[in-house]
Each structure stands twice: as C-alpha cells, then as structure tokens.
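Have a look at the structure below before the remarks.
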Amino acid sequence: MGSRLRNIQARAAEHGRLRTGYTQGNRPMRSSTWVVTSHSEEHVRTAAKLWGGEPEQWSPLNSTIPQWRVITKASAIEALITPGDPLNQYNEMWSKGGCQRRCDGETEMLSRQPCLCARQFGEEWHLQPKGRVCSTTSRLNVMLPDLSGMGMWRAETHSFYAAQEWGGMVDVILAGTDGRGFIPVTLRIEPRQRVANGETKKFPVVVVELRGVTPRQALAGPMTATTALDPAGQARAAIEAPRPNYLADAQAALTVDDVQDVYRAAHSAGHLTDDLIAALKQRADDLKTEEQGPGPDEDGAYEAEVVETPGQQGWPAVAQPASR
Numbered sequence: 523m524g525s526r527l528r529n530i531q532a533r534a535a536e537h538g539r540l541r542t543g544y545t546q547g548n549r550p551m552r553s554s555t556w557v558v559t560s561h562s563e564e565h566v567r568t569a570a571k572l573w574g575g576e577p578e579q580w581s582p583l584n585s586t587i588p589q590w591r592v593i594t595k596a597s598a599i600e601a602l603i604t605p606g607d608p609l610n611q612y613n614e615m616w617s618k619g620g621c622q623r624r625c626d627g628e629t630e631m632l633s634r635q636p637c638l639c640a641r642q643f644g645e646e647w648h649l650q651p652k653g654r655v656c657s658t659t660s661r662l663n664v665m666l667p668d669l670s671g672m673g674m675w676r677a678e679t680h681s682f683y684a685a686q687e688w689g690g691m692v693d694v695i696l697a698g699t700d701g702r703g704f705i706p707v708t709l710r711i712e713p714r715q716r717v718a719n720g721e722t723k724k725f726p727v728v729v730v731e732l733r734g735v736t737p738r739q740a741l742a743g744p745m746t747a748t749t750a751l752d753p754a755g756q757a758r759a760a761i762e763a764p765r766p767n768y769l770a771d772a773q774a775a776l777t778v779d780d781v782q783d784v785y786r787a788a789h790s791a792g793h794l795t796d797d798l799i800a801a802l803k804q805r806a807d808d809l810k811t812e813e814q815g816p817g818p819d820e821d822g823a824y825e826a827e828v829v830e831t832p833g834q835q836g837w838p839a840v841a842q843p844a845s846r
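Right under this line is the structure:
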C-alpha cells in the first residue's frame, strides 16, 4: 500500500443523505418512509428504482444549490456499517448563521461552558419545544451496497430516543469487531408513541438492526466482505455444506497437536458437542501414551528395544561382546 498523509483523516466521500422528513414549501414534514437526497441524479434515480417513488429536483431550506431527492416507499433499507466508528452524536442548536451550540451532553463545545440546556431546564430539557433548546442530533455513516459508488450515506435523526438506541447498538458492535470489517444492517423507520402529561405524542424512530447475521456472528470479530454483502447466502451455504467427519480426522491424527487442530475446526464451525469433546480428548490421551512408549511391567521393568547388528543375527547390540 502507498503512503498516506499523517496530518489528515482519510474518509470516503459523502454521496448523500438518508432522511426521515422533507420540506413542502417552507414547511417541514415527517415521513414514514425513507427520503434519499443527493447532488447526484444517478444515485437518486437508482434509489427510486430500488425503493419506489418519483425523483425530483429540490433545494434544501436556506440553500440555493439544487439537489435531487426521492420520497421512497420503503420504510426499511439495507446498509453496511463500515470499518471505524460510524456514529457521532451532539446536542445542537442551529440558526441561519450556522451552528450556535454543539454540546456533548456535559460541555457546550463552542463556549466551553457546562451544558446550557440542562442548566436552564434540568434533566428533562429535551421535552422543551423545538428551537428553545438543542436538538439531539445523531449522524450514522453507512454504505448502501446496491447504489453505485464507494462513498458514504449519512443517516441523520434528531430523535432523543433514537440517539439512545443508536449509541447502544453501535457500541455493542464495535466491542465485538474493534471497528474492523463490515456489518450488514437494516435501517428501519418505526412508528412510536409516548404518553406524557395526559397527551399522546406519535413520532418516528430510526432503528438499526442486524441483517442476516446473529449476535454470535456479529460479536465474534470482523467478518469478511463476502459475508457482509450476502449474509443470507453465506448462511445458506453453511447449512448446505456437508458436516466434516471430525472423528475420522482425529483417528487419522499423528500428534496431539493434530487433534487440537480438529477441535479448533469443530469449535469455529459451531459443531462441538459433549460426545465429540470426550472422543477428541480420548484420542489425544491415546496419542500421548503412544509417544511416551509402553509402561513398566508388573516387576517395574521396562521392555528394552532389541537392535540387531549386521552379521550378529539375534544378538542385542547392548550385549555384543567387544571384538579382540
């Protein structure tokens, strides 16, 4: 691999955004399905073919630069979590002049003061009307494997409740993979409701779910790109593949190390059983005995190996008289 600049952070280009809402005129609207936006018409048209909807040109609020968007018909889409830490979260307050506050929950980063919202409104500050306090902002970078390009797509939510779930899910995955390898996930918009002060509030929450793999597989360490791209196919291939004959492999083993290799292979494939473990242990014990040779007889004597010397048929070398 070639060299890299050490004073900048390498990252993939951002192809577009995955949104849970859109603007109608100057009015923000919530969406029960994904909204895909990008500067690339090709990306948006491909997304429309995959997930439905009509591509259209569109300009974000407070921007004169036109983009493309499609309000899809899909509430769930397939994605990949890429190597590294894909999630960043802040409490933010924006205005036409840009970001006015960015807080990590304890310290407001721009002024270096303690959290301003909590100081003013207490622990339940997030229940205050939007615009009065910061919005809990979570940004998750993912790859969409069915769209062209190797760049990232940013899923963004301002849900306080989604922030808790995203952080927990991503941290568990990173604990198993150490930020290496790809993880197949589904991004799903789920309707929720909350009752507080006698009022029922309905809102969408973006849920990040494992796709086609079990927690055991996701936490076992980095998986190959082939498995991440087609987890269902890899699982099907594993089911259809014939089960190795571990007992036959153990009987053919010549050393204890060979038996241990059989054990490791069965463990990695999830094929270990109590009976198989017992059989492998017995085979290893037998090989140890063979390596050590026969034990003493009833008188405590060890059987000597007879070595014949050429020309002295049947005469043990240990007892051969000295030549004169």
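Under this note's numbering, the letters of the sequence shown match residues 523 to 846, in that order. C-beta: ideal position from N, C-alpha, C; glycine also.
Proximity below 7 Å, CB of residue i to CB of residue j
| i | j | result |
| --- | --- | --- |
| Ile-695 | Ile-711 | no |
| Val-730 | Trp-675 | no |
| Leu-662 | His-565 | no |
| Val-655 | Cys-639 | yes |
| Ala-806 | Val-778 | yes |
| Gly-575 | Ile-593 | yes |
| Trp-580 | Arg-591 | yes |
| Tyr-768 | Val-784 | yes |
| Ala-787 | Leu-794 | no |
Classification of residue i by the beta-carbon crowding that lies within 10 angstroms, buried from 16 upward
| i | result |
| --- | --- |
| Thr-748 | exposed |
| Asn-610 | exposed |
| Val-707 | buried |
| Gln-635 | exposed |
| Pro-838 | Because the pLDDT at Pro-838 is just 43, under 50, the model does not fix this residue reliably, and the value given afterwards should be weighed accordingly. It is exposed - the Cβ of Pro-838 has fewer than 16 other Cβ atoms within 10 Å. |
| Ser-585 | exposed |
| Asn-548 | exposed |
| Ala-742 | exposed |
| Arg-733 | buried |
| Met-745 | buried |
| Ser-466 | Only positions 523 to 846 of the chain appear in this structure, which leaves residue 466 out of reach. |
| Ser-660 | buried |
| Val-577 | For the sequence presented, residue 577 should be read as Pro rather than Val. Label assigned to Pro-577: buried. |
Spatially closest choice to residue i from the options, by CA coordinates
| i | options | result |
| --- | --- | --- |
| Arg-714 | Val-692, Phe-682, Ala-740 | Phe-682 |
| Leu-856 | Glu-536, Thr-545, Thr-555, Gln-546 | Only positions 523 to 846 of the chain appear in the structure, and residue 856 is not among them; the question remains open. |
| Gln-589 | Glu-600, Gly-538, Glu-628 | Gly-538 |
| Asp-700 | Arg-591, Thr-604, Pro-636, Gly-673 | Thr-604 |
| Ala-601 | Val-781, Tyr-612, Asp-752, Gly-574 | Asp-752 |
| Gly-690 | Val-781, Pro-608, Ala-534 | Pro-608 |
| Ala-750 | Asp-783, Ser-581, Gly-703, Tyr-768 | Gly-703 |
| His-648 | Leu-666, His-680, Thr-629, Gly-620 | His-680 |
| Ala-718 | Thr-811, Gln-650, Tyr-785, Gly-543 | Gln-650 |
| Leu-666 | Ala-677, Ser-657, Thr-659 | Ala-677 |
| Ala-570 | Ile-587, Lys-595, Met-551 | Lys-595 |
| Lys-724 | Ser-553, Tyr-544, Gln-546, Thr-545 | Ser-553 |
| Cys-637 | Gly-620, Thr-658, Arg-786 | Thr-658 |
| Asp-626 | Phe-643, Ser-617, Tyr-612 | Tyr-612 |
| Ala-772 | Arg-716, Asp-796, Gln-804 | Gln-804 |
| Glu-563 | Glu-646, Glu-812, Gly-671 | Gly-671 |
Anticipated Cβ contact below 8 Å, residue i with residue j, distance rounded
| i | j | result |
| --- | --- | --- |
| Val-735 | Ala-684 | About 22 Å separates the two Cβ atoms, so there is no contact after all. |
| Leu-809 | Ala-775 | 7 Å |
| Met-615 | Gln-622 | 5 Å |
| Thr-559 | Arg-541 | 6 Å |
| Gly-698 | Ala-740 | 6 Å |
| Gly-673 | Ala-535 | 4 Å |
Any C-beta of chain D under 7 Å from that of residue i
| i | result |
| --- | --- |
| Trp-675 | In the structure shown, chain D does not exist; there is a single protein chain. |
- Please list the segments of the alpha helix (DSSP H) lying wholly inside the region 764 to 809, counting only runs of 4 or more residues, in order along the chain. Whole alpha helix (DSSP H) segments, 4+ residues: 768 to 773, 778 to 790.
- Taking only runs of the beta strand (DSSP E) that begin and end inside the region 537 to 585, which ones reach a length of at least 3 residues, in chain order? Taking 3 residues as the shortest admissible run, the region 537 to 585 contains the following complete beta strand (DSSP E) segments, listed from N- to C-terminal end: 549 to 560, 578 to 580.
- Item | Uninterrupted alpha helix (DSSP H) stretches inside the region 626 to 681 (no shorter than 4 residues) | The region 626 to 681 contains, as complete alpha helix (DSSP H) runs of 4+ residues, the segments 638 to 643 (chain order).
- Item | Ranges of the beta strand (DSSP E) found wholly within the region 693 to 758, counting only runs of at least 3 | Every beta strand (DSSP E) of 3 residues or more that sits fully in the region 693 to 758 is shown, in chain order, as 705 to 718, 721 to 732.
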